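Participant: Sharing a structure, written as structure tokens. Questions coming.
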Amino acid sequence: MRLPDKTCSIEDAIARIPDGATVMVGGFGVPGTPFTLIRELVRQGQRNLTIIKNDANETGMGIDHLLANGQVARLITTHIGLNARAIEMLNTGHLAVEFNAQGILAERIRAGGAGLKAIVTDIGLDTELAHGKARIEIGGQPALVEPALRADVALLHAHRADVFGNLDYVATARNFNPLMAMAADMVIAEAEAVMPLGDLAADEVHTPGPFVDHVVGLAQLSEEYAVVQR
Amino acid sequence: MSSARQRLVARAAREIAPGMVVNLGIGLPTKVVDHLAADFPVCLHTENGLSGIGPTLPPEAADRNLIDAGGAYVSTVPGSAFFDSAVSFALVRSGRLDLTMLGAFEVAQNGDLANWKIPGKFSPGAGGGIELAQKARRVVVLSTHTDRTGNPKLKAACALPVTARGCVARVVTDMAVIDITPGGFLLRELSEGVSLAEVREATGAQLALPEGDIPTF
Numbered sequence: 079m080r081l082p083d084k085t086c087s088i089e090d091a092i093a094r095i096p097d098g099a100t101v102m103v104g105g106f107g108v109p110g111t112p113f114t115l116i117r118e119l120v121r122q123g124q125r126n127l128t129i130i131k132n133d134a135n136e137t138g139m140g141i142d143h144l145l146a147n148g149q150v151a152r153l154i155t156t157h158i159g160l161n162a163r164a165i166e167m168l169n170t171g172h173l174a175v176e177f178n179a180q181g182i183l184a185e186r187i188r189a190g191g192a193g194l195k196a197i198v199t200d201i202g203l204d205t206e207l208a209h210g211k212a213r214i215e216i217g218g219q220p221a222l223v224e225p226a227l228r229a230d231v232a233l234l235h236a237h238r239a240d241v242f243g244n245l246d247y248v249a250t251a252r253n254f255n256p257l258m259a260m261a262a263d264m265v266i267a268e269a270e271a272v273m274p275l276g277d278l279a280a281d282e283v284h285t286p287g288p289f290v291d292h293v294v295g296l297a298q299l300s301e302e303y304a305v306v307q308r
Numbered sequence: 016m017s018s019a020r021q022r023l024v025a026r027a028a029r030e031i032a033p034g035m036v037v038n039l040g041i042g043l044p045t046k047v048v049d050h051l052a053a054d055f056p057v058c059l060h061t062e063n064g065l066s067g068i069g070p071t072l073p074p075e076a077a078d079r080n081l082i083d084a085g086g087a088y089v090s091t092v093p094g095s096a097f098f099d100s101a102v103s104f105a106l107v108r109s110g111r112l113d114l115t116m117l118g119a120f121e122v123a124q125n126g127d128l129a130n131w132k133i134p135g136k137f138s139p140g141a142g143g144g145i146e147l148a149q150k151a152r153r154v155v156v157l158s159t160h161t162d163r164t165g166n167p168k169l170k171a172a173c174a175l176p177v178t179a180r181g182c183v184a185r186v187v188t189d190m191a192v193i194d195i196t197p198g199g200f201l202l203r204e205l206s207e208g209v210s211l212a213e214v215r216e217a218t219g220a221q222l223a224l225p226e227g228d229i230p231t232f
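As structure tokens, this is what we get:
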């Protein structure tokens, strides 16, 4: 037996994303953001997207290109403070933004990936964050019901992938990537190195291959991946 | 940084006990690390997935994949660990975080904290701040005593949207160290050269005094 090869051209992988799709995008700041997949999504121009991402990157980087290109209708996130365009679009009604507590966004995604319907938490009780959410009692204590999140597509950045889609991540580039890998109907991973089967040791795998549909190798890294000069 | 702020940050560093797991928020709290000895036994956590933060690095020495939650390029120390965002906040919400130091727009006398939104002016989202404020075992606020126009930040009640209720244990400012007690604000220490009358004037709620002398820092 041999595990199947999931390597794919970036054009073909991104072309599978329809208009109106809900797309999870890995990354926290620069580390772990799939800049090359995002660039191809900008080039192909799918519209009316819902993006789920921890942050909005910085102006001129990452999903900011999707915002600038008018492709995003809705953003589910935790913090957009480093992207002036995202804040401006929010303030002028050109972008719907749903803010989550960071770890609650992570757990909603993890729950979606685990086939669960919701999580129950006391985070945000008696604050603005609780508005519109179902409030229940667990063990006599109040709690909020936070629906699980799934997406049509997840775009991930891995350090290494094998051709079957086993992935590993480095340093703080892990962040939301392994959670989103489990929570989308189609998972596309870009990787800095694509290895033959067996070169990524089973114990080193962070995301198991069965979660991943398409593997895109990066021949080179654009400037967006580099250390940000401030 | 002004000498009063330097003193604030140096005083705040003394809140960290050996062996603690600590998360330092963006801004003044991040500076606290400069006042810890290189061999001080502490584990610094950052929300984006690292326990055991090492020194901040200049761009030429930075690893493009290694930042803290504020986007600063940091390093590891022997014994550091990386993890995903769910694990990172499991650590916070399950009580493994001994201490967090956070900035504030307002702190109420019952310990309510407002530090994430000024309606109509500033609404970038709270990131991990809500869980840090609500679930760290101890929350110490580091802040100037008043805002830029001189209005008190320590108030009877928060006017701004609250980050978490009743979460703040202590406030370290450029004027004083103040605890939140069941009876409200309690003065603990005065910054060198600051009088009790000045602190009272700059505080927007009742300020109780401890018995005996008030130490300076």
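Protein chains in written order, with my numbering: chain A, 79 to 308; chain B, 16 to 232. All C-beta atoms, glycine included, are put in the ideal place defined by N, C-alpha and C. Keep in mind the model is a prediction, meaning the values are calculated, not measured.
Closer than 8 Å by C-beta to glycine 295 of chain A: which residues in its own chain qualify, once you throw out the five before and the five after it? Chain order, please.
Facilitator: Correct list, in chain order: Thr85, Ala239, Glu268, Ala269, Ala271, Val272.
Participant: When the Cα atoms are used, what is the spatial distance from tyrosine 247 of chain A to phenylalanine 55 of chain B?
Facilitator: Answer to the nearest angstrom: the Cα atoms are 30 Å apart.
Participant: Between the beta-carbon of asparagine 169 of chain A and the beta-carbon of alanine 151 of chain A, is there less than 7 Å?
Facilitator: No; because the gap between Cβ atoms is not below 7 Å, this pair is not in contact.
Participant: Do alanine 212 of chain B and cysteine 182 of chain B have their C-beta atoms closer together than 7 Å?
Facilitator: Not closer than 7 Å, so no.
Participant: Below 7 Å between beta carbons: does that hold for glycine 86 of chain B and glycine 181 of chain A?
Facilitator: No; because the gap between Cβ atoms is not below 7 Å, this pair is not in contact.
Participant: Less than 7 Å between CB atoms is the rule here; does proline 93 of chain B satisfy it with respect to chain A?
Facilitator: No, proline 93 of chain B does not count as interfacial toward chain A.
Participant: Using a Cβ-Cβ cutoff of 7 Å, what residues of the region 177-189 of chain A are near chain B? List them in chain order.
Facilitator: Hits within the stretch, in order: Phe177, Ala179, Gln180, Gly181, Ala184, Glu185, Arg188.
Participant: Between glutamine 298 of chain A and chain B, is any beta-carbon pair separated by less than 7 Å?
Facilitator: No, its Cβ sits nowhere closer than 7 Å to a Cβ of chain B.
Participant: Is isoleucine 229 of chain B near the ligand HEM - that is, is its Cβ less than 6 Å away from at least one heavy atom of it?
Facilitator: Absence of the ligand HEM from the depicted structure is noted, as is the absence of any ligand whatsoever, leaving it without description.
Participant: For the beta strand (DSSP E) containing threonine 61 of chain B, name the first residue and the last one.
Facilitator: Segment 58-61, the beta strand (DSSP E) holding threonine 61 of chain B.
Participant: Let me know the secondary structure DSSP gives histidine 143 of chain A once reduced to three states.
Facilitator: Correct three-state label for histidine 143 of chain A: helix.
Participant: From phenylalanine 113 of chain A to isoleucine 187 of chain A, what distance separates their C-alpha atoms?
Facilitator: Roughly 21 Å between the two C-alpha positions.
Participant: Is it buried or exposed, glutamine 149 of chain A, if we count other Cβ atoms within 10 angstroms and call 16 or more buried?
Facilitator: So glutamine 149 of chain A counts as buried.
Participant: Is there at least one Cβ from chain A nearer than 7 Å to proline 73 of chain B's Cβ?
Facilitator: It does not: the Cβ of proline 73 of chain B has no partner Cβ on chain A nearer than 7 Å.
Participant: Indicate the three-state DSSP secondary structure (helix, strand or coil) for histidine 50 of chain B in the structure shown.
Facilitator: Helix at histidine 50 of chain B.
Participant: In the DSSP assignment, find the alpha helix (DSSP H) that holds glutamine 219 of chain A and state where it starts and stops.
Facilitator: Premise fails: glutamine 219 of chain A lies in the beta strand (DSSP E), 219-225, not in any alpha helix (DSSP H).
Participant: Rounding to the nearest angstrom, what Cα-Cα distance links glutamate 89 of chain A and aspartate 83 of chain B in this structure?
Facilitator: Rounded to whole angstroms, glutamate 89 of chain A to aspartate 83 of chain B spans 33 Å at the Cα level.
Participant: Figure out for me which residue from A/Ile95, A/Leu160, A/Gly191 has the closest Cα to the Cα of leucine 257 of chain A.
Facilitator: Considering only alpha carbons, the answer is A/Gly191.
Participant: Is the shortest distance between the beta-carbon of phenylalanine 120 of chain B and the beta-carbons of chain A less than 7 Å?
Facilitator: Taking Cβ atoms only, chain A never reaches closer than 7 Å to phenylalanine 120 of chain B, which makes this a no.
Participant: Could you tell me which of B/Ala96, B/Glu204, B/Ala223 sits nearest to leucine 65 of chain B, measuring between CA atoms?
Facilitator: Checked all of B/Ala96, B/Glu204, B/Ala223; the closest Cα to leucine 65 of chain B is B/Ala96.
Participant: Using only the alpha-carbon positions, how far apart do glycine 67 of chain B and glycine 34 of chain B sit?
Facilitator: One C-alpha to the other measures close to 12 Å.
Participant: Quick one: give me the first and last residue of the beta strand (DSSP E) that valine 294 of chain A is part of.
Facilitator: Unbroken beta strand (DSSP E) run through valine 294 of chain A: 292-295.
Participant: Once the 5 residues before and after proline 225 of chain B are set aside, which same chain residues still bring their CB inside 7 Å of it?
Facilitator: The residues are Leu201, Leu202, Arg203.
Participant: Compare the Cα-Cα distances from histidine 143 of chain A to each of A/Asn132, A/Ile154, A/Arg121, A/Leu160 and report the closest residue.
Facilitator: It is A/Arg121.
Participant: Note down, in chain order, each residue of its chain lying with its Cβ closer than 7 Å to the Cβ of leucine 275 of chain A, except the 5 sequence neighbours on either side.
Facilitator: Leu81, Asp240, Val241, Phe242.
Participant: For proline 256 of chain A, which three-state DSSP category applies?
Facilitator: Correct three-state label for proline 256 of chain A: helix.
Participant: Mind listing the chain B neighbours of phenylalanine 289 of chain A? Cutoff is C-beta to C-beta under 9 Å, in chain order.
Facilitator: Neighbours of phenylalanine 289 of chain A on chain B: none; closest Cβ ~14 Å, over 9 Å.
Participant: Say whether the region 69-76 of chain B touches the region 102-119 of chain B, bearing in mind that this needs 3 or more beta-carbon pairs closer than 8 Å, one atom from each stretch.
Facilitator: No: fewer than three Cβ pairs fall under 8 Å.
Participant: For phenylalanine 137 of chain B, count the other beta carbons within 10 Å of its own beta carbon; 16 or more makes it buried, fewer makes it exposed. Which is it?
Facilitator: Label assigned to phenylalanine 137 of chain B: exposed.
Participant: Any residues in the region 235-256 of chain A with a beta carbon nearer than 9 Å to a beta carbon of chain B? Which ones, in chain order?
Facilitator: Flagged, chain order: His237, Tyr247, Val248, Ala249, Thr250, Ala251, Arg252, Asn253, Phe254, Asn255, Pro256.
Participant: Can you tell me which of A/Arg117, A/Thr156, A/Ala249, A/Val305 puts its alpha carbon nearest to the alpha carbon of alanine 146 of chain A?
Facilitator: Nearest option by C-alpha distance: A/Arg117.
Participant: From the beta carbon of glycine 159 of chain A, is the nearest beta carbon of chain B less than 7 Å away?
Facilitator: Answer yes: the Cβ-Cβ gap between glycine 159 of chain A and chain B drops below 7 Å somewhere.
Participant: Shorter than 7 Å from the beta carbon of glutamine 307 of chain A to some beta carbon of chain B?
Facilitator: Answer yes: the Cβ-Cβ gap between glutamine 307 of chain A and chain B drops below 7 Å somewhere.
Participant: At a CB-CB cut-off below 7 Å, which residues of chain A make contact with threonine 115 of chain B?
Facilitator: Within chain A, no residue comes near threonine 115 of chain B; the closest Cβ sits about 13 Å away, beyond 7 Å.
Participant: For leucine 107 of chain A, go through chain B and note every residue whose CB falls closer than 8 Å to its CB, in chain order.
Facilitator: Looking at the sequence shown, residue 107 of chain A is not leucine but glycine. Correct list: Asn63, Ile82, Gly86.
Participant: Exposed or buried, valine 290 of chain A, counting other C-beta atoms within 10 Å across all chains shown (16 or more means buried)?
Facilitator: Under this definition valine 290 of chain A is a buried residue.
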